[in-house]
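Colleague: Just so we're aligned: 342 in this note's numbering is position 334 of the sequence shown, and the numbers increase by one with no gaps anywhere. C-beta: ideal position from N, C-alpha, C; glycine also. Remember, predicted model here, so these are calculated numbers, not experimental data. Pasting in a structure now, in structure tokens, and then I'll have a few things to ask.
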Amino acid sequence: MSTQTVSPPGASFFSATPARAFAPEDFAGDEKLMIDTAEQFSRKEILPVAERLDHQEDGLMPSLVKQAGDLGFCGVDTSDKYGGLGLGKNVAARILEFLSLNGSFSVTFGVTSGISQVGLALFGSEDQKLKYLPALTSGQQIGAYALSEPNSGSDALSAQTKAIRQGNKWILNGTKMWISNAKWAEQFLVMAKIDGEKFSAFLVERDFPGVSIAREEHKMGLKGSSTARLVLENAEVPVENLLYLEGLGHHVAFNALNIGRFKLSSMSIGPAREALGVAATYALDRKQFGQSISDFGLIQKKFALGAALFYAAESMIYRTGAMIDDAFEQYAGTIDGNRKAAEEYALECSACKIFSTEAESWIVDEMLQVYGGYGFTEEFPIARIYRDARVSRIYEGTNEINRLFLSDRLRRKAKDGSASLTAAGDSFISELAGKAIGQVGADQASIGAASDLVLLAYAEQSARLRSARFGGIHEALYTAFIGYANAKAAESYQLVTGESVTLPAISKPDYAEIAKAVYSKRGPAV
């Protein structure tokens with residue numbers, strides 16, 4: 009293992025607020041039982057019907073969402089007052105990870121149980137929550153989130169959908185694009201500008217006059233999910249369905265995205281988990297040159313690095329989730345408190361989103377490579393996983409937008425004292441990040457490279473804290489990750505500063521040991 013020092017448990021790279029150390033191994037009791045149930049539901053009810061889902065068989069997806077609701081999964085982190093379970097966002101994300109072994113179900117379930125609910129749960133009036141949340145938390149209805157437009161994607165505040173008040177109704181006009189769940193959703197959280205100026209949020213029912221759904225988009229992947237345009241033509245929305253306050257819809261939209269990015273991180277490592285599993289099974293069975301390809305060194309390296317990237321992503325995700333839960337415990341209870349809790353770890357949420365979706369991409373791509381030519385056919389499940397995974401780096405804010413946000417927000421928070429870089433220097437990567445953050449230029453390439461340093465530092469620290477706690481194969485995974493991460497960090501540092509840097513010596517990774525653990529578990533090594 010590397011000789012780098014270990015930070016005190018609970019240290020957070022970004023935030024001045026103390027955080028407790030948490031790892032996936034800490035889930036226990038009823039939470040662990042629910043997580044195990046979620047995995048069994050995926051393997052027994054969802055994966056066997058993947059082909060039927062891809063053809064959008066009538067009624068199949070809504071019936072699976074309803075079954076998930078019957079198990080309590082559709083409202084894990086929504087208050088039991090509104091039909092949910094009232095548990096934390098961390099366990100909700102872990103359940104979502106295991107319900108994400110199939111991408112189409114993952115996005116359908118993830119939207120209706122997450123981003124379509126969270127804005128309402130955090131910012132809704134009591135009457136609004138009592139009216140709309142129980143149908144979502146039970147799985148009886150499916151929800152959707154409508155922010156993007158044909159000419160308004162990453163620049164969300166340039167939306168053109170308008171709302172005008174006429175008597176006791178709002179009249180909405182505009183088109184929302186890339187709306188997940190559009191085909192099945194009965195409830196839409198819609199962003200529009202009142203009088204063309206004040207960005208605001210509205211609760212829109214499918215059956216309101218003037219609401220319609222356009223044709224399904226013909227997508228490269230996620231074929232079993234629904235993606236279509238929401239068309240609002242003089243749509244009539246009751247005046248009481250304004251969510252929160254006029255002109256403050258960005259509080260609703262962006263804080264829903266903060267939590268959404270955190271949960272998307274778990275949604276992304278779910279398919280990566282499945283890719284490691286199916287590829288391990290194939291590698292063990294496939295023989296070439298008189299032996300199993302699982303014994304070949306380059307194949308073992310693919311599994312070892314994939315497991316190491318998964319380990320780092322998992323470590324930072326659930327560490328972040330525990331901090332988010334702490335923030336909600338400290339601040340929640342009022343709308344302003346909910347907003348503060350959702351904003352507190354926005355930087356960590358963006359870091360998790362970038363790292364986990366790119367780890368997913370690397371893992372799925374290399375696991376397809378394990379199959380050789382067979383991976384390029386639809387005969388094996390890896391092809392579907394590969395197609396479905398590509399969108400992860402695009403939605404919930406592209407990774408480019410998240411990089412710009414992360415770097416800019418961190419520098420501003422560091423200046424006003426609400427974020428700390430005191431952890432810089434506890435490792436090679438965090439030392440580079442601490443040096444580089446003050447030298448960032450105005451060009452996006454430099455800003456993006458600085459963000460990479462920061463998120464790599466957070467991933468490294470999270471993996472290191474976890475490996476120090478548990479030892480054994482955890483240390484092997486950390487050793488495999490740190491070599492990869494140090495090289496990436498050195499490249500990013502040079503892009504920001506123009507200075508050369510010497511990589512520190514590390515232990516040689518034991519790829520065979522890690523690969524053996526992946527083969528044994530038919531999935532991540534721990």
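1) Using DSSP with H/G/I as helix, E/B as strand and the rest coil, what is Glu-386?
2) Following the continuous beta strand (DSSP E) through Val-198, name the residue where it begins and the one where it ends.
3) Work out the CA separation of Gln-168 and Glu-157 for me, nearest whole Å.
4) Using the three-state DSSP reduction, which class does Trp-370 fall into: helix, strand or coil?
5) Does Glu-254 come out as helix, strand or coil in the three-state DSSP assignment?
6) Tell me Asn-181's beta-bridge partners as DSSP assigns them.
7) DSSP on Leu-107, reduced to helix/strand/coil?
8) According to DSSP, is Gln-125 part of a helix, a strand, or is it coil?
9) What residue range does the alpha helix (DSSP H) around Gly-151 cover?
10) What did DSSP end up calling Thr-430 once you bin it into helix, strand or coil?
11) Within a Cβ cutoff of 6 Å, which residues of the same chain sit near Gly-531, ignoring the five residues on either side of it in sequence?
12) When you compare only the Cα positions, how much space is there between Val-526 and Ile-307?
13) Excluding the 5 residues preceding and the 5 following Ile-249 in the sequence, name in chain order all residues of the same chain whose CB lies nearer than 6 Å to its CB.
14) What three-state label does DSSP hand Leu-240 in the structure shown?
15) Any contact between the region 479-498 and the region 312-322? By contact I mean 3 or more CB pairs, one from each, below 8 Å.
16) Compare the beta carbon distance of Ser-7 and Ser-415 with 8 Å and say whether it is the shorter of the two.
17) So what does DSSP say about Phe-216, is it helix, strand or coil?
18) Spell out the partners DSSP gives Ile-301 in its beta bridges.
19) How big is the Cα-Cα spacing for Ser-114 and Leu-107?
20) What is the DSSP secondary structure of Thr-86, reduced to helix, strand or coil?
21) Can you tell me whether Arg-60 is buried or exposed? The criterion is at least 16 other CB atoms within 10 Å of its CB, across all chains shown.
22) Quick check on the burial criterion: 16 or more other C-beta atoms within 10 angstroms. Buried or exposed for Val-73?
23) Look at Gly-92 and Val-84 and say whether their C-beta atoms are less than 8 Å apart.
24) Using only the alpha-carbon positions, how far apart do Val-119 and Gly-380 sit?
25) Check whether the Cβ atoms of Phe-196 and Leu-238 sit closer than 8 Å, and answer yes or no.
26) Check Val-115 in the structure and name its three-state DSSP category.
27) Using CA coordinates, which residue listed in Thr-86, Asp-373, Met-228, Ala-100 is at the minimum distance from Glu-39?
28) What separation, rounded to the nearest whole angstrom, lies between the Cα atoms of Ser-188 and Leu-511?
29) So Leu-243 packs on Phe-216, CB below 8 Å; how close in whole Å?
30) Please name the residue, chosen from Gln-502, Gly-480, Ala-495, Ser-508, that lies closest to Asp-518 on a Cα-to-Cα basis.
31) The alpha helix (DSSP H) spanning Gly-96 covers which residue range?
32) Out of Gly-80, Leu-55, Ser-160, which one is the CA nearest neighbour of Gly-111?
33) With distances taken Cα to Cα, identify the nearest neighbour of Gly-278 among Met-185, Arg-51, Ser-133, Leu-141.
34) Below 8 Å on the Cβ atoms is my contact criterion, and I expect Gln-452 with Leu-412 to pass it. Report the Cβ-Cβ distance as a whole number of Å.
35) Can you list the beta strand (DSSP E) stretches of 3 or more residues lying completely in the region 436-508, in chain order?
36) What do you reckon, are the CB atoms on Cys-360 and Met-331 nearer than 8 Å?
Modeller: Checking against the coordinates, here is how it stands:
1) coil
2) 195-202
3) 8 Å
4) helix
5) coil
6) Lys-170
7) coil
8) helix
9) Per DSSP, Gly-151 belongs to no alpha helix (DSSP H); it is in the beta strand (DSSP E), 151-154.
10) Confidence at Thr-430 is low in this model, with a pLDDT of 49, below 50, so its placement is unreliable and the value that follows should be read with caution. Here Thr-430 sits in coil by DSSP.
11) Arg-281, Leu-284, Gly-285
12) 12 Å
13) The sequence given here places Asn at residue 249; Ile does not occur at that position. Same-chain partners within the cutoff: Phe-210, Leu-211.
14) strand
15) yes
16) No answer is possible for residue 7: the residues shown for the chain start at 9 and end at 534.
17) coil
18) Beta-bridge pairing links Ile-301 to no other residue.
19) 6 Å
20) coil
21) exposed
22) buried
23) yes
24) 34 Å
25) yes
26) helix
27) Ala-100
28) 44 Å
29) Contrary to the premise, residue 243 reads as Ala rather than Leu in this sequence. About 6 Å separates the two Cβ atoms, so the contact holds.
30) Gly-480
31) Where Gly-96 is concerned, there is no enclosing alpha helix (DSSP H), given that its DSSP letter is neither H nor E.
32) Leu-55
33) Arg-51
34) 7 Å
35) none
36) no
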